[in-house]
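Number of protein chains: 2
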Amino acid sequence: MIQHPSYAVEPWSLRETELGLEVLGQSESVFALGNGHIGWRGNLDEGEPHGLPGSYLNGVYESRPLPYAEAGYGDPEAGQTVINVTNGKVIRLMVDDSPFDLRYGRCLGHERVLDFRTGLLERQVEWESPAGKRVKVRSARMVSLVQRSVAAIVYEVEAVDSELWVVIQSELVANEEIPRAAGDPRAAAVLEAPLRPEEHSSRPAGAVLVHQTAVSGLRVAAAMDHQVQALPSLKESVECFEDLARYTVTAMLQPGERLRLVKYVAYGWSQARSEPAVRAQAEAALTGAVQTGWDGLVAEQRAYLDDFWARADVEVEGDAEIQQAVRFGLFHVLQAGARAEGRAIPAKGLTGTGYDGHAFWDTETFVLPVLTYTVPHAAADALRWRCDTLPQALERAGQLGLKGAAFPWRTITGAECSGYWPAGTAAFHVSADIADAVTRYIGATGDVEFEKTTGLELLIHTARLWRSLGHHDSQGRFRIDGVTGPDEYSAIADNNVYTNLMAQHNLTCAAVVAERYPDRALEHGVDVEEAASWRDAAAAMYVPYDSAAGIHPQSDGFTTHETWDFAGTTPEQYPLLLHFPYFDLYRKQVVKQADLVLAMHLRSAAFTDEQKARNFDYYETLTVRDSSLSACTQAVIAAEVGHLQLAGDYLAEAALMDLGDLEHNTRDGLHVASLAGTWIALVAGLAGMREHDGTLCFKPRLPADITRLAVNLCVRESRLRVEVTAEAVSYQLIDGPTLHLLHHDEAVEVGEGAPVTRRIARIPVSTPPRQPVGRAPVRRE
Amino acid sequence: MIQHPSYAVEPWSLRETELGLEVLGQSESVFALGNGHIGWRGNLDEGEPHGLPGSYLNGVYESRPLPYAEAGYGDPEAGQTVINVTNGKVIRLMVDDSPFDLRYGRCLGHERVLDFRTGLLERQVEWESPAGKRVKVRSARMVSLVQRSVAAIVYEVEAVDSELWVVIQSELVANEEIPRAAGDPRAAAVLEAPLRPEEHSSRPAGAVLVHQTAVSGLRVAAAMDHQVQALPSLKESVECFEDLARYTVTAMLQPGERLRLVKYVAYGWSQARSEPAVRAQAEAALTGAVQTGWDGLVAEQRAYLDDFWARADVEVEGDAEIQQAVRFGLFHVLQAGARAEGRAIPAKGLTGTGYDGHAFWDTETFVLPVLTYTVPHAAADALRWRCDTLPQALERAGQLGLKGAAFPWRTITGAECSGYWPAGTAAFHVSADIADAVTRYIGATGDVEFEKTTGLELLIHTARLWRSLGHHDSQGRFRIDGVTGPDEYSAIADNNVYTNLMAQHNLTCAAVVAERYPDRALEHGVDVEEAASWRDAAAAMYVPYDSAAGIHPQSDGFTTHETWDFAGTTPEQYPLLLHFPYFDLYRKQVVKQADLVLAMHLRSAAFTDEQKARNFDYYETLTVRDSSLSACTQAVIAAEVGHLQLAGDYLAEAALMDLGDLEHNTRDGLHVASLAGTWIALVAGLAGMREHDGTLCFKPRLPADITRLAVNLCVRESRLRVEVTAEAVSYQLIDGPTLHLLHHDEAVEVGEGAPVTRRIARIPVSTPPRQPVGRAPVRRE
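This is the structure:
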């Protein structure tokens, strides 16, 4: 299953030393740059060859109708698809009379490096044209984490062994032709020429293009400016058309002579603002970038990342691949969420068009746990975005006959875009996942202002959803019938344990926070009776248990279903959803992704140790991991129940999801949740971190391969470093007030001075569970 | 709910004495003529005004893509839609210089009568043109039950009080413009101009048009010929174009003088045959019709219907509306199935485009019981059609990972056309319904040849489906998980009682018949082990029972679900599916149509009398009858458990479904199953007829309004007449060998000579159950 990645294993960077034209799509995703606002895929400077050209602005999408063979009441009628906006990355080069194109001539050297500390994607190429002329190209690209509307490129050409006439064309390109998507429904619908030209104008070394989307009516401005190093032979010109702006420099280079260009690009977009306003917005950002200059931008970026790594770094000793992967993952999680500010964090970040650019529950359940303990303000921003979409979630709930807020299964703007309700709308757990992210954030940060505004509001409206979605049965149990849990190979089931437990937590937390801020709660219409009804429902929450088997059925009746015929399923028949009907998947015991096992992670205290061990063993035999949202969770519980080698294997699978292209779709964009899952597998898995009512608990234990694990965390106003070896763990306060933690069940106070150290007891090695045939995580050599 | 129909109440005919332009669509459906091969809606001769022009040939459809917002493996990609073929009904009239059009001028008299004994639709109109010229038009129309490719019209114009110049244009019209369908997903998708012209040619008083459908590639020929009464001033001409053939006669009529025209129309179609062959086929039928002549066709039709009524008539004394309705229903059931011969009997017959012209389980469960005891060869034909579609059902099962045959939820050709699988493909019960129809037909007719060919084959392949669809659980129970039963307000549930009991019957009967014909069974690969596995599965079939409540849950867990908020649902919110999402309907206790109650009818012996009474009471409170496939079944069980008045009310609802347009969609075509349901409510309900292992049982009992009920039945080689009054029942053999029946549990031998009579005991009146508020059947005054 794991293909060896073609990247060098280095602690702080991702390096490619060969250009594989057939895996360009994958490398464009892993080398993507972004800041949560702008996303630039790692396309080659010259635009071609490419896997998928991609420049994205968070929130810029086009609407399209969702068709149904048989429509039903409440089916969403409009879908949303992320679009490729004006491409500011393109810098074309002509060497004498040959276009610089790596499909022709000879590539004498190629290297690209993404540096996690500088935030730069650097490239070096040496190329011989078909006419035998040699040239060296060096470029560096950034999307600024400090100036959110700005990206910049430095581009340098050097004549190697003969005099060369070079022409550099630096462009803004709108409505690029993009390859048609294949039949895989998970790939985005291709929208051809989504941008309607509105305005274009040039300046001495730059230009601005303004476009508007046809249906969604979003206005997008892209502006560029350039600085070029003076050379005697240099000439410049600018052209500007509706869909193309081009700044051209020409020069005659002597052997060893270089032509160096800095390109600044700025974007602006708006649904409401006028064309002059949006254009001015982009031009303002551009001016700021030019005034900062390339060196200034680089310095800002480095400082930003130094700060990030000081708060967030995870050190892994004994496994260089995992060390690289967790930093790669953290870097991309940061890029996805750092400056989203009022917009969603999509499942693919801004690295590709997979899943139409939609955000799912992935954000709250996998991405926000990482951001909460590393870049907490970004976690708060993401939840504020959810809160901004409350009107749509309230409306959707009303349409479904429910109270409170029904957050969408998949969306860009907040409107439900799921066109298959059994695996979409019915997965109401997304609303509890949001509530869970709220309480996690509050517990980790103590952000009272957030708690009594955004937090309170989100908790109230999600609690109302659960109260209306469930009902008491004749035995007084509170049931939630006919919903879909995380596992997408089951649907429309009664009393999904994950859903019921998450809803219980949601109801309880909402009651607690409403009690804490009664006046504010009352502003939302919550009186003591309503809060009491939430507590009552939570207390009466029904959690099915199969006492004969001694395990929790994923949902009512699950354990009575036929077990999937794993022995009769061939490797080519995975992922199962592409080879078997949902009908058959739904009614059998087969699990796409952690569901009950995820409940054991997120609602850890709801299960005894023995139940966890038995449940894990049981679901391991059924879980095929056709989703990237599974391995990290399996790592977490495998570690908890003592299968450390297995935990390590799942950790590796989560970590290498994109670096190894394990699901063969990294070309469509990165699996941001799985990247975050690397951190989760290490921190919640190997370090055994859980959070109970705002208190962090650790039960660390390492697999044999990993000799040391050090985790840096932001907790309240403090920074905490947890360092685990095979024998011991140390808890160290880096700065901030004293922290009160739990090491297993022992209270630990971590204050200034020497770290608190605890020995780690060896545990007996138990027989690990089996996975379905062929579906065990790959053991790396 | 019931609107008073605008038809006179007469025992043997349906008479309209006013032309309501706003209810034209409804009257076109109820006045539709057909023979199972050709269907002509009751459009006015002159074509306009119309509700929906309609001429159909059974099996002539067009393919169209089925779109999905999110496609899944196994979703059918192509839909099929019945198309409006070449219209041979049109006879236009010009009166002096005014076109005869009832929207203009004055209508001085209008009457249409559909006579159930002659099979003719007769019309009389007296009209004054805008210019003040009066004319009388009389026409009679038939679709021959004897010559299946033939229809004919006699058309007569009379000048009333002044000399008139009349022009009659008799046409074949292809690709008529038809009104666009409204948003209701149940109405057929409109396909514009589905016929591509291939050939057109004229003869002295006629013409032929040949077309082909674009995607499905079906060739359709329509031919016409005319006979006109000689008049001194008469002139004739013929024109012929690609989509229009026209025979024109002109004459000057003196007051009282009449111009009389007979039009013969014949159709031919084929998927395989060449254009000349299909044209010749239509022309051959046309020649036969012309040689038979109008009077000959009328005589044949009368003889055919006399024979039918002698075998099939149901007499109802004391309720003239029901008397008319049951004959109306029988007539239309006959029209739908009489000459289908190798094609489906669609849910709407050939009376409209509703449900895209698809056949569903309605055929086997509601229509075939009637045909089995009245026109048994038509029932056999319908099952032979199913058998002809076995290759597609086998392929579909394979695609779904199942063995045996998965018959389609909706289809024209046998391919699955359901675009929403939870309410389509998952309703596997259709395959058991087919098996049930097979055993019912064999039991009623003793048709050994059918049993060992078509019957055996259908039973084997459906039994295989169930054996592979279900599985044994750890307690040894045979479970069928994740399927949808008859009630479309529940879906994807475990152990639907109806499905499990019908599957049990299917498995048992297949084993019995395979044992009876071991050599033939072996030809289909059935050895004794396989048959044993069917018997074992049937014996171990799990039937959930809620012993606390003392009732059968419709499916596992059903009785634990929240009850629908009937009190909070307004009358305008019915049918619920148009106002609430499936999500909400599925997870609550609300029943669209009889499901468990239908199981109590079709698998009567699987329930005790006490269970039937309690179950009926329970499900009455939940059943909203948003389907026309419910009232008749509720009538049957209401009668069985002793709620005779309620049975009568449900009988009336089934009977008046189309005559009263109770579901407001009769314009799209008749509810053939509900029409058949009138017979079922009377025969299985009031006469209490059941069939057990080939023996007919009766438990007759009448509601107060009906003073006498006489039912004629074809049983084996005999004809049986059962006559029920309040006090007694008599069983009389009309002809054929002696019959052995059960009257309640008493064996009764009915032979030649005097009828066998039994007294009917009075039963105590018990309190009838309540229905959801506003959903009780309407009590007629």
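Those protein sequences? They're chains A and B, same order as listed. The opening residue of the first sequence carries number 42 in the numbering used here; numbering runs sequentially from there. The opening residue of the second sequence carries number 42 in the numbering used here; numbering runs sequentially from there. No residue lacks a Cβ here, since even glycine has one placed at the ideal position from N, Cα and C. All values reported here derive from a predicted model rather than from experimental measurement.
Name the one or two DSSP bridge partners that residue i has.
{"i": "G120/B", "result": "R105/B"}
{"i": "D156/A", "result": "S54/A"}
{"i": "D266/B", "result": "Y305/B"}
{"i": "D587/B", "result": "I592/B"}
{"i": "H733/A", "result": "T736/A"}
{"i": "L236/B", "result": "T254/B"}
{"i": "L391/B", "result": "None, per the DSSP bridge assignment."}
{"i": "H513/B", "result": "F519/B"}
{"i": "E356/B", "result": "A751/B"}
{"i": "Q630/A", "result": "T604/A"}
Against chain B, does residue i count as a neighbour if the rule is that its beta carbon must be under 8 Å from one of theirs?
{"i": "A817/A", "result": "no"}
{"i": "H602/A", "result": "yes"}
{"i": "I533/A", "result": "yes"}
Rounded to whole angstroms, what is the Cα-Cα separation between residue i and residue j?
{"i": "Q433/B", "j": "A262/A", "result": "55 Å"}
{"i": "E362/A", "j": "L618/B", "result": "54 Å"}
{"i": "I79/B", "j": "R301/B", "result": "25 Å"}
{"i": "V50/B", "j": "A366/B", "result": "9 Å"}
{"i": "M183/B", "j": "S759/B", "result": "31 Å"}
{"i": "V35/B", "j": "S180/B", "result": "No answer is possible for residue 35/B: the residues shown for chain B start at 42 and end at 822."}
{"i": "P810/A", "j": "D658/A", "result": "5 Å"}
{"i": "S311/A", "j": "S257/B", "result": "48 Å"}
{"i": "L499/B", "j": "Q634/B", "result": "27 Å"}
{"i": "V677/B", "j": "D116/A", "result": "37 Å"}
{"i": "L60/B", "j": "H91/B", "result": "11 Å"}
Under 8 Å between C-beta atoms, does residue i make it to chain A?
{"i": "R821/B", "result": "no"}
{"i": "G598/B", "result": "yes"}
{"i": "G523/B", "result": "yes"}
{"i": "Y627/B", "result": "yes"}
{"i": "V814/B", "result": "no"}
{"i": "D709/B", "result": "no"}
{"i": "I592/B", "result": "no"}
{"i": "G460/B", "result": "yes"}
{"i": "R520/B", "result": "yes"}
For residue i, verify whether its CB is less than 7 Å away from any heavy atom of the ligand FAD.
{"i": "G329/A", "result": "Absence of the ligand FAD from the depicted structure is noted, as is the absence of any ligand whatsoever, leaving it without description."}
Next item on the list: Could you say if the region 669 to 681 of chain B and the region 711 to 718 of chain B meet the contact criterion of at least three C-beta pairs nearer than 8 Å?
Entry: Counting C-beta pairs with one atom in each stretch, the region 669 to 681 of chain B and the region 711 to 718 of chain B have three or more that are closer than 8 Å, which means they touch.
Notebook entry, point to check: Taking the runs of the alpha helix (DSSP H) that are 4 residues or longer, which of them lie wholly in the region 684 to 713 of chain A?
Noted result: Segments of the alpha helix (DSSP H) lying fully in the region 684 to 713 of chain A: 685 to 696.
Check: Hey, which unbroken runs of the alpha helix (DSSP H) at 4 residues or more fall wholly within the region 525 to 557 of chain A?
Finding: The DSSP assignment places complete alpha helix (DSSP H) segments of no fewer than 4 residues inside the region 525 to 557 of chain A at 538 to 557, in order along the chain.
Notebook entry, point to check: Does the region 788 to 802 of chain B come close enough to the region 451 to 458 of chain B that 3 or more CB-CB pairs lie under 8 Å?
Noted result: Note that the region 451 to 458 of chain B does not touch the region 788 to 802 of chain B; fewer than 3 beta-carbon pairs, one per stretch, sit closer than 8 Å.
Item checked: At least 3 beta-carbon pairs within less than 8 Å: the region 485 to 497 of chain B vs the region 535 to 542 of chain B -> Too few Cβ pairs lie closer than 8 Å, so no.
Item checked: Completely contained beta strand (DSSP E) runs for the region 299 to 351 of chain B, where each covers 3 or more residues -> Segments of the beta strand (DSSP E) lying fully in the region 299 to 351 of chain B: 299 to 311.
Margin query: Would the region 741 to 757 of chain B count as touching the region 349 to 363 of chain B if we require 3 or more Cβ pairs under 8 Å?
Written below: The count of Cβ pairs closer than 8 Å, one atom from the region 741 to 757 of chain B and one from the region 349 to 363 of chain B, reaches three, so the stretches are in contact.
Check: If contact means a Cβ-Cβ distance below 9 Å, which residues of the region 111 to 144 of chain B contact chain E?
Finding: This model lacks chain E altogether; the protein chains it does include are A and B.
Check: Should the region 386 to 396 of chain B be regarded as contacting the region 115 to 133 of chain B, the criterion being three or more beta carbon pairs within less than 8 Å?
Finding: In this structure the region 386 to 396 of chain B touches the region 115 to 133 of chain B; the number of beta carbon pairs closer than 8 Å is three or more.
Margin query: So, does the region 434 to 451 of chain A touch the region 557 to 575 of chain A, judging by three or more C-beta pairs under 8 Å?
Written below: Contact annotation: the region 434 to 451 of chain A does not touch the region 557 to 575 of chain A, with fewer than three C-beta pairs closer than 8 Å.
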